[in-house]
Amino acid sequence: MSQGVKLPLPMKKGLGATDRVDDWWKGPTAMAAYLGIMIVYATWRGFMEADFWIFEDFGRSAGTQTMAIESEGSHVLSPLFSPLVLPGENELGSMVPLALAWMSPAMFILIFPAGFRGTCYYYRKAYYRAFMQQPTGCAVSKPWNEYSGETGLLLVQNLHRYFLYAAIAYLPILSYDVWLSVNFHDVASHAHSYGVSVGSLVLAANVIALSGYTFGCHAFRHLVGGGSDLWTENSRPTLRYRMWRFSTWFNEYHKEWALYSLFIVMFADLYIYACTMGWLTDIVLWGGL
Ligand code: FES
Numbered sequence: 043m044s045q046g047v048k049l050p051l052p053m054k055k056g057l058g059a060t061d062r063v064d065d066w067w068k069g070p071t072a073m074a075a076y077l078g079i080m081i082v083y084a085t086w087r088g089f090m091e092a093d094f095w096i097f098e099d100f101g102r103s104a105g106t107q108t109m110a111i112e113s114e115g116s117h118v119l120s121p122l123f124s125p126l127v128l129p130g131e132n133e134l135g136s137m138v139p140l141a142l143a144w145m146s147p148a149m150f151i152l153i154f155p156a157g158f159r160g161t162c163y164y165y166r167k168a169y170y171r172a173f174m175q176q177p178t179g180c181a182v183s184k185p186w187n188e189y190s191g192e193t194g195l196l197l198v199q200n201l202h203r204y205f206l207y208a209a210i211a212y213l214p215i216l217s218y219d220v221w222l223s224v225n226f227h228d229v230a231s232h233a234h235s236y237g238v239s240v241g242s243l244v245l246a247a248n249v250i251a252l253s254g255y256t257f258g259c260h261a262f263r264h265l266v267g268g269g270s271d272l273w274t275e276n277s278r279p280t281l282r283y284r285m286w287r288f289s290t291w292f293n294e295y296h297k298e299w300a301l302y303s304l305f306i307v308m309f310a311d312l313y314i315y316a317c318t319m320g321w322l323t324d325i326v327l328w329g330g331l
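To get this note's numbering, take the position in the sequence shown, counting from 1, and add 42.
This is how it looks when you write it as structure tokens:
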């Protein structure tokens, strides 16, 4: 008769103590550095009241050497500030009272993407380990023993599905920004033309990355495919099944979509910031005026 294994298995005690011989600490350390840089950058930019879009003040496009420019509503807008909310700016149609003009445009809207990522199942695993040592790592001792799960304040994580709805709404908004960025207007002659600048491509890449991240969301996968026992109809796959497969394809790489899409959105903002500061020129690759 075999002897049963006694649980829990003996484990070394003390922060970071473990019998593991691999470089288990590299992943959480790299994640802490990556997320830390992104959070600091987004916070710094989130307080800015300017330098978030490229428009006609930066000059008209000419060949491949000048800033891609738009007017009459067109622009290359940083995704961190989209949709753009400017209090009291009537010509922009803002419903926000002028009394809130002390807030930067990003402050009105960043709660939605920040909430979406902050409650994401993948990011939760990443920052619980990287910042909270909860756990420090698999089979690695952590500073405290108790584990209460996602209770108390962490019940806010249950809002993820609602942040998902907001994230879905962002996709057409950011796609519209791409559309605006390829429209060129000449104010004097009212001439209109299409063109593609590096900024347009950066915005488009951001929409693609954010779509991959959103459609692979676990809550989205449940939304389109959950609660259904019927995958076929007249021996043909149902629409829900197709959508579930579609979401599953992205979901299998959810970590990668999560990390790359975060990088691209910050890069897009940094690129536009660099253009508005005059450090870079948003080169027109095709068309323009
Ligand atoms: S689980 Fe990651 S975005 Fe929903």
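Cβ atoms here follow ideal geometry from the backbone N, Cα and C, with glycine treated the same way.
Check your understanding: From residue 273 to residue 281, what does the alpha carbon distance come to, in whole angstroms?
Key -> Spanning the two alpha carbons is a distance of roughly 9 angstroms.
**Study point:** According to DSSP, residues forming a beta bridge with residue 237
**Key:** Answer by DSSP bridge pairing, in chain order: 329.
Point to revise | Spatial distance of residue 100 from residue 239 (CA atoms) | key: In this predicted model, residue 100 has a pLDDT of only 43, less than 50, meaning its place in the structure is not dependable enough to derive any value.
Point to revise | residue 117 versus residue 222 - alpha carbon distance | key: Inter-residue distance for residue 117 and residue 222 is about 6 angstroms (C-alpha atoms, whole angstroms).
Point to revise | Any non-hydrogen atom of ligand 1 closer than 7 angstroms to residue 260 Cβ | key: Checking every heavy atom of ligand 1 against the Cβ of residue 260, one is found closer than 7 angstroms.
Check your understanding: Any idea which residues DSSP pairs residue 119 with across the strands?
Key -> Paired residues: 95.
Check your understanding: Which term fits residue 155, buried or exposed, when burial requires 16 or more other beta carbons within 10 angstroms of its beta carbon?
Key -> The Cβ neighbour count for residue 155, taken over all protein chains shown within 10 Å, is at least 16; the residue is labelled buried.
Review point. Quick one: Cα of residue 241 to Cα of residue 80, how far?
Key: In a straight line, the C-alpha of residue 241 is about 20 angstroms away from that of residue 80.
Point to revise | residue 182 - DSSP class collapsed to helix/strand/coil | key: The answer is strand: DSSP assigns residue 182 an E or B state.
Review point. What whole-angstrom Cβ distance do residue 291 and residue 266 have, given they're in contact under 8 angstroms?
Key: At roughly 12 angstroms, the Cβ-Cβ gap does not stay under 8 angstroms, so residue 291 and residue 266 are not in contact.
**Study point:** Stretch pair the stretch 242-256 + the stretch 193-205: three plus CB contacts closer than 8 angstroms
**Key:** No, the stretch 242-256 does not touch the stretch 193-205.
Exercise for review: Would you mind working out which of 204, 96, 277 sits nearest residue 325, comparing C-alpha positions?
Suggested key: Cα-wise, what sits closest to residue 325 is 96.
Review point. To which residues of the same chain is residue 88 closer than 8 angstroms at the C-beta, ignoring the five residues directly before and after it?
Key: If we look at residue 88 and ignore the five residues flanking it on each side, its Cβ neighbours are 122, 146, 148, 149, 152.
Review point. Hey, how far is the Cα of residue 271 from the Cα of residue 284?
Key: Cα to Cα, the separation comes out at about 14 angstroms.
Exercise for review: Could you have a look at residue 232 and say whether DSSP puts it in helix, strand or coil?
Suggested key: If DSSP states are grouped into helix, strand and coil, residue 232 belongs with coil.
Check your understanding: Apart from the five residues on each side of it in sequence, which residues of its chain come closer than 7 angstroms, Cβ to Cβ, to residue 65?
Key -> Non-local C-beta neighbours of residue 65 in its own chain, meaning closer than 7 angstroms and more than five positions away in sequence, are absent.
Check your understanding: Is residue 213 near ligand 1, judged by its Cβ being under 7 angstroms from some heavy atom?
Key -> Result no, Cβ not under 7 angstroms from ligand 1.
**Study point:** Other residues of its chain near residue 62: CB distance less than 6 angstroms, five sequence neighbours each side excluded
**Key:** Excluding the 5 residues flanking it on each side, residue 62 has same chain C-beta neighbours closer than 6 angstroms at 181, in chain order.
Check your understanding: Buried or exposed: residue 319, going by 16 or more other Cβ atoms within 10 Å of its Cβ?
Key -> Under this definition residue 319 is an exposed residue.
Practice item. List the whole-angstrom C-beta distance separating residue 139 from residue 129, where the pair is believed to meet the contact cut-off of C-beta under 8 angstroms. Key: Confirmed, Cβ separation roughly 6 angstroms.
Review point. Cβ-heavy atom distance between residue 206 and ligand 1 below 7 angstroms?
Key: Answer for residue 206: yes, Cβ within range of ligand 1.
Review point. Any heavy atom of ligand 1 closer than 7 angstroms to the CB of residue 163?
Key: In terms of side-chain proximity, the C-beta atom of residue 163 is found nearer than 7 angstroms to a non-hydrogen atom of ligand 1.
Point to revise | Whole beta strand (DSSP E) elements within the stretch 144-220, 3-residue minimum | key: With a minimum length of 3 residues, no continuous beta strand (DSSP E) run stays inside the stretch 144-220.
**Study point:** Cα-Cα separation, residue 189 to residue 142
**Key:** Taking the straight line joining both Cα atoms gives about 42 angstroms.
Exercise for review: Would you kindly report the start and end of the unbroken alpha helix (DSSP H) that includes residue 292?
Suggested key: Per DSSP, the continuous alpha helix (DSSP H) segment holding residue 292 begins and ends at 281-293.
Review point. Residue range of the alpha helix (DSSP H) that residue 262 falls in?
Key: Its alpha helix (DSSP H) spans residues 260-267.
Exercise for review: Note down the Cα distance separating residue 170 from residue 308, rounded to an integer number of angstroms.
Suggested key: Whole-angstrom Cα-Cα distance: 22 angstroms.
Review point. Is residue 278 helix, strand or coil when you go by DSSP?
Key: In the three-state reduction of the DSSP assignment, residue 278 falls in the strand class.
Exercise for review: For the stretch 295-306 and the stretch 163-178, state whether three or more C-beta atom pairs, one from each stretch, are separated by less than 8 angstroms.
Suggested key: By the criterion of at least three beta-carbon pairs nearer than 8 angstroms, the stretch 295-306 is in contact with the stretch 163-178.
**Study point:** Cut-off 8 angstroms between Cβ atoms - residues of its own chain near residue 210, not counting five sequence neighbours on either side
**Key:** Hits under 8 angstroms: 256, 262.
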